[in-house]
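Trainee: Got a structure here, written out as structure tokens. Questions coming.
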Amino acid sequence: MSDDNNYLGTQHDPQLRLKADVLMLQLKGAGYAAVFCIVAALSIWALYGLGLLLPEESKNQPDPTPFSYNLTVPVTVDQA
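Just so we're aligned: the sequence shown equals residues 749 to 828 in this note's numbering.
This is the structure:
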């Protein structure tokens, strides 16, 4: 019995072996990207759910830093 686990039959064709290796690496990378996207989506969903648990009064309060967004400097023009 052979211990060779060559399921794709690529032992005799090096070009086919290269294509199979590249395909497997691409699929592995796609799997990692899918896991990352799912974790990001679940994190956003969890923050949304946490926001739903807050009382309604906290959502309607005024901004604690009302001038933090106002970055313009008023300019006065002197008329002579």
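In this text, a Cβ means the ideal position worked out from N, Cα and C, and glycines have one as well.
Could you check the C-alpha separation between Gly777 and Val770 for me, to the nearest Å?
Mentor: If you number the sequence shown from 1, residue 777 lands on position 29. If you number the sequence shown from 1, residue 770 lands on position 22. Each residue's Cα considered, the two are about 11 Å apart.
Trainee: Using the Cα positions of Met749 and Tyr796, report the straight-line distance between them to the nearest angstrom.
Mentor: The residue labelled residue 749 in the question sits at position 1 within the sequence shown. The residue labelled residue 796 in the question sits at position 48 within the sequence shown. Because the pLDDT of Met749 is 49, which lies under 50, any placement of that residue in the model is unreliable, and the question is left without a value.
Trainee: Quick one: Cα of Arg765 to Cα of Met772, how far?
Mentor: One-based indexing of the sequence shown puts residue 765 at position 17. One-based indexing of the sequence shown puts residue 772 at position 24. Each residue's alpha carbon lies about 11 Å from the other.
Trainee: Name the two residues that bound the continuous alpha helix (DSSP H) containing Asp769.
Mentor: Here residue 769 is taken as the residue at index 21 of the sequence shown, counted from 1. Where Asp769 is concerned, the enclosing alpha helix (DSSP H) stretches over 762-801.
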